[in-house]
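Residue numbers (the working numbering), protein chains in the order written: chain A, 323 to 986; chain B, 6 to 275. Worksheet: the structure to be examined is printed underneath.
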Amino acid sequence: MTPQTVIFTTLLVASLLFFCWSVYRRFSLVFYGQPEERLDQPARRLSEMFLYAFAQLRVLRKPFGLNHFVIFWSFVILALANGEFLVNGVFPSVSLALLPEGVHRVLLLAFDVVSLLTLFAIAFSFIRRVVVKPPYLDSLYVKGRSPEAFLILSFIALLMLAYFGMHGALAALGVENDPAAMPISSLVGGWLAPHQSLIGTVYSVSWWLHALVLFAFICFLPHSKHMHILTAIPNCYFGALTWPATQPREKFEKGAVYGVGSVERFTWKDLFDSFSCTECGRCQAACPATNTGKALNPRQIVHAIKTNLLENSHALREGRSGTLPLIGDEGEGTNTEEAIWSCTTCGACIEACPVLIEQMPKIVKMRRHLVETESRFPEELLNLFENMEQRSNPWGIAPGERAKWVSTLPVKPFVAGETEYLLYVGCAGSFDSRAKQVTVALATVLNAAGVSWGILGKDEKCCGDSLRRLGNEYLFEKMALENVELFRERGVTKVITLCPHCLTTLKNDYRQYGLELEVVHQSELIAELVRSGRIKLDRKDDSMGRIAYHDPCYLGRHNDIFDAPRTLVQAATGTAVVEAERHGRNSFCCGAGGGRMWMEEFTGERVNHARVDELLAQKPDTICVACPYCMTMVEDGLKDKGAGQVRVRDVVEVLAEGLLRKNA
Amino acid sequence: MLVVVCVKQVPDTTQVQIDPVTNTLIREGVPFIVNPYDTHAVEQALRFKDRFGCRVAAISMGPPNAEATLRKALAQGVDRAVLLSDRTFGGADTLATSKVLAAAIEKLAQEEEVGVVICGKQTIDGDTAQVGPGIATRLNFSQLTLVDRVDELDLSGKKIRVSRKLEGRHEHVEAPLPVLLTVVRELNRPRYPTVAMRLESADAQVEVWDNKVLQLDVNTIGLKGSPTWVSRIFSPERAKGEMLGDGVHDPEGAAQLLIDKMLEKDLLAL
Chain A
323 MTPQTVIFTT LLVASLLFFC WSVYRRFSLV FYGQPEERLD QPARRLSEMF LYAFAQLRVL
383 RKPFGLNHFV IFWSFVILAL ANGEFLVNGV FPSVSLALLP EGVHRVLLLA FDVVSLLTLF
443 AIAFSFIRRV VVKPPYLDSL YVKGRSPEAF LILSFIALLM LAYFGMHGAL AALGVENDPA
503 AMPISSLVGG WLAPHQSLIG TVYSVSWWLH ALVLFAFICF LPHSKHMHIL TAIPNCYFGA
563 LTWPATQPRE KFEKGAVYGV GSVERFTWKD LFDSFSCTEC GRCQAACPAT NTGKALNPRQ
623 IVHAIKTNLL ENSHALREGR SGTLPLIGDE GEGTNTEEAI WSCTTCGACI EACPVLIEQM
683 PKIVKMRRHL VETESRFPEE LLNLFENMEQ RSNPWGIAPG ERAKWVSTLP VKPFVAGETE
743 YLLYVGCAGS FDSRAKQVTV ALATVLNAAG VSWGILGKDE KCCGDSLRRL GNEYLFEKMA
803 LENVELFRER GVTKVITLCP HCLTTLKNDY RQYGLELEVV HQSELIAELV RSGRIKLDRK
863 DDSMGRIAYH DPCYLGRHND IFDAPRTLVQ AATGTAVVEA ERHGRNSFCC GAGGGRMWME
923 EFTGERVNHA RVDELLAQKP DTICVACPYC MTMVEDGLKD KGAGQVRVRD VVEVLAEGLL
983 RKNA
Chain B
6 MLVVVCVKQV PDTTQVQIDP VTNTLIREGV PFIVNPYDTH AVEQALRFKD RFGCRVAAIS
66 MGPPNAEATL RKALAQGVDR AVLLSDRTFG GADTLATSKV LAAAIEKLAQ EEEVGVVICG
126 KQTIDGDTAQ VGPGIATRLN FSQLTLVDRV DELDLSGKKI RVSRKLEGRH EHVEAPLPVL
186 LTVVRELNRP RYPTVAMRLE SADAQVEVWD NKVLQLDVNT IGLKGSPTWV SRIFSPERAK
246 GEMLGDGVHD PEGAAQLLID KMLEKDLLAL
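Here is the structure:
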């Protein structure tokens, strides 16, 4: 054994031991989390993992993601080269040259090309961080130009340079096995060849540089945000198989703990999520709260969980709760209450995350703790909670007035067996003066199409959506149980909702209570009626002018309904809607989801102003929505912006107006 | 020291209608709520508990289903709940009501000295604001009505200093204990019960005291002991307004008409 082999082997073993110890110390913390089922359906999980981790579908949504794609695959391919390097360092007789020559040649070519590509990709990464740094790379505690980021980039660059140094030197010395398969190394060799005396030094320096950087990388990896190299792939495997539009039930019994008030109350997957975050900032770039200057940044929520877990790890290992609070004053590792209450639960963060981290559900879990255990929440919510509990609507209007909107129309009560659909009007459609017009329009269209429908009238109750998103699970459960019983009693099986929030609650949330309803949003049903010819629109109504469509989060992102409202507008007007810059899956919230409808907005720009500006950029005459909350927010936003000449219409109103014109 | 808070279950008046034939409140199907002012009274009692560690008892006179109101107080953190329920208590006016409540407070005082009694300033169904002062008079307690801030409760010096919210002014007053306060909404923000407290309160004991316990002369309580009775109840006639202008097609014209009308009626004068 040469001294070099001894030193190399010693350092390698030490690095690997340190690596394993670090990984064990970190990952064992994950087991302090609560149980959660994420191991079912392995085949589907593998396919998700392939799509998101290996094919990098989400990463590639941003153009610069291509750069990451290159680095990722280079890393995978070079893992083989680096593996060879490490084994060869200990056992100099073992190398990939033992493979069949053809295979070896292909590998050598791949290593050579990929190393060069990586060098370019790293150069682009440097340029991106130094010159054209996008704002979303910075969060409060992690900056785009952090030493850590540059250190990692430098490590990778040095590895590539050392690789070419080594193989260039070998080529120059004429001892490289197969220089023809290594065009770039041969090129470097050509540069070195005139300096014969230096070649030996270049080789040794490159070899040791390669070795030392590799060891440093191995040691540093588990302690940095680049731990994602280890966690991102499994995190995609453990990702949610269905879109997390709903929250899990809680068990209400004496002595139980509700929500998440300290880090170990999160599930193991929540904790694993925090180890998978690479601080890429895509969630914060998509978040309506972050975008409008609120205290919330979804990336910081995840970062806080990681920091809190690590800070409190000592206490957790001793079976205590940590001293660094999870919720409290501003500081790294702690989430402020203001941040927690700023979330609109729009889900843009979940949609943006390349490694399938679920940020929003963590926020709702912390809300549960605040409401149910601490009884601490923004003042405005007390009224909402009381109104919901006492009068089953957010405004506290007398339940007897629920069916007042029908005064002008012949509307029948829902009777099982005689009526096909229950029209679940919802609180806005029943009480809000503007939304009531939408209800009337919907009723008109349903009647025109000969749909058999009825209502529950004053027996209808609020679905409880806002309560659940606000973390008042206790009250939500009470209302959900009442509704489930009411629907069962009345024999309701098919439901039309006016509001996407009712839609998601009846469809996704009530399923947890064993109630399987066939729930359709009005836009879906009407689009189908138009398609099947039950609604005939011979003459197109162009009186709405240029129409921009705003995707409601709870219709689009949370329930995958993107086309129906667009088809409907197209059918009624003969022209397609114009799209805002952010639309469809990437639509930007109006600001009213997650119970924000009932709260004041004190900090930063108003979310609805930001959204309205974006919609106005398309120069619309009419803005179409498909949600009563969006209606309120967009109308208010337009008024504040002095753009009152732009009309706001629910998609069903566009159709109803078309029908009325036809009949006139 | 014991703090007693009086609460009442009232019909949700936003949902109450008057039967045009019988001129009485239609109570069928109308949900009951805790009298809103009383929730602030409960909160103040709990703040005394938090601060001084005193015990809090909530009492309510009403039918058996008024238990729900007391259970809510238990969920918020009161230590003891007593429902005063007996057929002979029924139909009481404010005089007879205050008599029963005062008797219950005296009975509680046999076990533990009562330093403070807190009531809402009035109930939203009767709106008399007489029961609190009636209790104070019967118990010979100091009475401070319309309290919107408690400045100091001095247990050793046996006195209390509060601010009273009057029309257009505030009054700072001090009174010796024992005292009865009636409170307004501005006093505080009632706490929202935690889930744990709700579950606790679901099993907690609500004591029910009937007249066998209080031993009051049946001629001085309930309907028999009530010198006032309601002869008629009706909704005031409201003159129907008129529609002016066309707000949809001519909003500016409509606004102008509205301003003219208000000027004409001298509603915009400073």
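Where is the CB? At the ideal position from N, CA and C, for every residue including glycine. Note that the structure is a prediction, hence the values are computed from the model and not measured.
Scanning its chain for C-beta atoms nearer than 6 angstroms, with the 5 sequence neighbours on each side dropped, one finds around residue 31/B the residues 22, 24, in chain order. Annotation for residue 330/A: the continuous alpha helix (DSSP H) segment containing it runs 325-352.
In chain order, 194 make up the part of chain B whose C-beta sits under 8 angstroms from the C-beta of residue 701/A. Under the 8 angstroms Cβ criterion, the stretch 754-761 of chain A does not count as touching the stretch 650-663 of chain A, having fewer than three qualifying pairs. Taking 8 angstroms as the CB threshold, residue 42/B stays off the interface with chain A. In this structure residue 882/A is exposed. Its beta-carbon is surrounded by fewer than 16 other beta-carbon atoms within 10 angstroms. Here the stretch 456-463 of chain A does not lie against the stretch 428-437 of chain A, with fewer than 3 beta-carbon pairs under 8 angstroms apart. Here the alpha carbon of residue 57/B sits roughly 20 angstroms from the alpha carbon of residue 80/B. Every beta strand (DSSP E) of 3 residues or more that sits fully in the stretch 177-241 of chain B is shown, in chain order, as 184-188, 211-214.
Note that the C-beta distance between residue 794/A and residue 749/A is not below 8 angstroms.
Contacts with chain A at 8 angstroms (Cβ-Cβ) do not include residue 133/B. Under a criterion of Cβ atoms nearer than 8 angstroms, the residues of chain A adjacent to residue 17/B are, in order, 712, 713, 720.
According to the DSSP assignment, residue 629/A belongs to the alpha helix (DSSP H) that extends over 620-633. With the criterion set as a beta carbon lying under 8 angstroms from some beta carbon of chain B, the members of the stretch 677-698 of chain A are 693, 694, 695, 696, 697, in sequence order. Check the Cα spacing between residue 816/A and each of 777/A, 561/A, 633/A: the tightest is with 777/A.
Closest option to residue 251/B, judged by alpha-carbon separation, among 243/B, 125/B, 261/B, 168/B: 261/B. Listed in chain order, the non-local C-beta contacts of residue 406/A below 7 angstroms within the same chain comprise 417, 418, local neighbours out to five positions each way being set aside.
DSSP places residue 584/A in no alpha helix (DSSP H); its state is neither H nor E. Think of a sphere of 8 angstroms around the beta carbon of residue 203/B: the chain A residues whose beta carbon falls inside it are 796, in chain order. Taking the C-beta atoms as reference points, residue 694/A is found nearer than 8 angstroms to residue 199/B.
Note that the C-beta distance between residue 946/A and residue 848/A is not below 8 angstroms. One thing to note: residue 476/A has its Cβ no nearer than 8 angstroms to the Cβ of residue 490/A. Residue ranges of uninterrupted alpha helix (DSSP H) with 4 or more members, entirely inside the stretch 484-564 of chain A and ordered along the chain, are 505-514, 518-542, 550-559. For the stretch 562-575 of chain A, the beta-carbon criterion of a distance under 8 angstroms to any beta-carbon of chain B is satisfied by 574, 575.
The three-state secondary structure of residue 604/A, taken from DSSP, is helix. Note on residue 346/A: under 16 other CB atoms within 10 angstroms of its CB, so exposed under the neighbour-count rule. Note on residue 363/A: under 16 other CB atoms within 10 angstroms of its CB, so exposed under the neighbour-count rule.
The shortest C-alpha to C-alpha distance from residue 809/A to any of 699/A, 698/A, 836/A is the one to 836/A. For residue 23/B, not one C-beta of chain A is nearer than 8 angstroms to its own C-beta. Per the Cβ contact rule, the stretch 898-911 of chain A is not in contact with the stretch 635-654 of chain A (fewer than 3 Cβ pairs under 8 angstroms). Residue 580/A has a beta carbon lying within less than 8 angstroms of a beta carbon in chain B. Residue state for residue 652/A is assigned as coil, using DSSP reduced to three classes. Per DSSP, the beta-bridge partners of residue 871/A are 901/A, 946/A. Chain-order list of chain B residues neighbouring residue 648/A: empty, with the shortest C-beta distance near 18 angstroms, by a criterion of under 7 angstroms. In the displayed model, residue 364/A falls within a helix according to three-state DSSP. DSSP lists 185/B as the beta-bridge partner residues of residue 148/B.
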